[in-house]
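Peer 1: Here it is: the structure, laid out below.
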Amino acid sequence: MRGVGQVEFLGSFPETPPETGLPEVAFAGRSNVGKSSALNTLLNRKQLARVSHTPGRTQLVNLFRVEGAGEERGRDVVFADLPGYGFAKVPEAVRAAWKPMIEGYLGDRAALKLVVVLVDVRRDPQEMDGGLLFALTEADIPSLVVATKVDKLSKHQAQKQLAALRREFRLPPDQPIGFSSVTKAGREDVWARIDAAIATEG
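See the structure below:
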């Protein structure tokens, strides 16, 4: 199984974080899509990103520096955990602030190499996910769709849902990647895409 080096929490930011000088990979998704669990799985940590049973608790941009994350274990990368979007048990004023914060981060981030968009494989394609993918395409920001919680479905059901997501979002044949924080399915595939993204220049 793919290992990672030290992971350092760089801080939580209510607006666009300062540049780190390292390549960044951002993780976005609807509230309660399993984003925190996915981050913990990718980084081989149990509670690096706090898992909440109340959607929308991640209201800040959280940055983590991952040492030796490149394919040759020789390059560091920063993971950016973006606030969940969609329904959340938080005040309307807080929700209203999320959109400009996320748009500000995505629109002016020189080091951003990839945005991993997480969707729940059990749910039909969501308009907000499609809107985010469209915005990323328009901004020429590489994206990767990862469908979480595939362990909750049978293999046949999961494949059917993955195909539906692929059609709705007009994804390439290798997306979405089916992912499970329980079985670790898809973990190596996601890391391979991260490796390729952070290896690019510019």
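First residue of the sequence shown? That's 0 in numbering that gives the first Met the number 0, and the numbers climb one at a time after it.
Yeah, the Cβ is synthetic: ideal placement off N, Cα and C, and Gly gets one too.
A quick note: this is a predicted structure, and the numbers were derived from the prediction, not measured.
1. Assess, as a yes-or-no matter, whether the stretch 123 to 141 is touched by the stretch 38 to 47 under the definition of 3 or more beta carbon pairs within less than 8 Å.
2. With a CB to CB cut of under 6 Å and the five nearest residues on each side skipped, what residues in its chain are close to residue 11?
3. Measuring straight from C-alpha to C-alpha, what distance separates residue 277 and residue 155?
4. Given that a residue counts as buried once 16 or more other Cβ atoms are within 10 Å of its Cβ, and exposed if not, what is residue 5?
5. If you drop the 5 nearest sequence neighbours on each side, which residues of the same chain put their C-beta closer than 8 Å to that of residue 170?
6. Identify whether residue 176 lies in helix, strand or coil by the three-state DSSP scheme.
7. What is the rounded straight-line gap between the Cα of residue 186 and the Cα of residue 99?
8. Given residue 193, which residues of its chain have a CB within under 6 Å of its CB, disregarding the five upstream and five downstream residues?
9. Is there a Cβ from chain D that is less than 7 Å from the Cβ of residue 62?
Peer 2: Judging by the given coordinates:
1. Judged by Cβ distances under 8 Å, the stretch 38 to 47 makes no contact with the stretch 123 to 141, as fewer than three pairs qualify.
2. Excluding residues up to 5 positions away in sequence, 59 and 61 lie with their Cβ nearer than 6 Å to the Cβ of residue 11 in the same chain.
3. Summary: the structure shown does not reach residue 277, with the chain confined to residues 0 through 201, and so no result is reported for it.
4. Under this definition residue 5 is an exposed residue.
5. Within the same chain, 144 and 164 come within 8 Å of residue 170 by CB-CB distance, once the 5 residues on both sides are set aside.
6. In this structure, residue 176 counts as strand in the three-state DSSP scheme.
7. For residue 186 and residue 99, the distance between alpha carbons rounds to 31 Å.
8. If we look at residue 193 and ignore the five residues flanking it on each side, its Cβ neighbours are 24.
9. The chain labelled as chain D is not found in the depicted structure, where only one protein chain is given.
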